[in-house]
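Numbering of the sequence shown is given in the numbering used here, commencing with residue 788 and proceeding in unit increments.
All C-beta atoms in this analysis are idealised placements derived from N, C-alpha and C, irrespective of residue type, glycine included.
Here the structure is laid out as structure tokens; the discussion comes afterwards.
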Amino acid sequence: MPPLTQRKGPAYSISPRSRQRSLDVTPGPNTYSLPSTLGDHVVGMESGPGVSMLPRNDYFHFAKDLAKSPGPARYEVKTPSVTKRSNPKFSITGRNRPPSPKNIVPGPGAYSPETVTTHIKSSPRYHIGVKHSDFMLPTLTLADVND
């Protein structure tokens with residue numbers, strides 16, 4: 788007897804069938820028959836492909852005019868870009884047209900690095916007051932207009 792802490796596995800017995808079981812009338816696996824779907828057409832069912840094994844009349848295609856059959860050179864290879872999207876294309880050639888105004892950027896000589904002072908420590912530069920614009924018209928009063 789195993790210890791109480793362990794579980795027992797399932798137990799099976801090998802014995803002959805009882806008489807009641809042998810009286811059951813059930814069909815065996817070979818009693819069913821299905822109609823064949825090969826060959827002639829069976830009504831109500833789809834038939835499989837029909838195959839015939841007959842010799843060819845033209846031995847090794849000597850009777851056939853092979854010049855009329857398409858060969859590898861008769862097909863035209865089309866580029867995949869006709870049916871599929873193509874990747875972007877790049878080239879390393881010179882420009883044939885002048886750059887547009889939106890592409891004009893200053894060159895290396897347009898900068899003055901000696902005038903840059905952002906790396907030098909200095910006190911903050913704030914201005915408190917009114918900013919006068921050179922483009923604003925002065926305010927005219929009635930006294931100025933009457934003179």
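{"Check": "For T902, which of helix, strand or coil comes out of DSSP?", "Outcome": "helix"}
{"Check": "Quick check: what's the CA-CA separation for V892 versus P925?", "Outcome": "38 Å"}
{"Check": "I need the straight-line Cα distance from T902 to S878, nearest angstrom please.", "Outcome": "40 Å"}
{"Check": "Considering only residues of the same chain and omitting the five flanking positions on each side of P859, which have a CB-CB separation below 6 Å?", "Outcome": "none"}
{"Check": "Expressed to the nearest angstrom, what Euclidean distance is found between the alpha-carbon atoms of P875 and K855?", "Outcome": "41 Å"}
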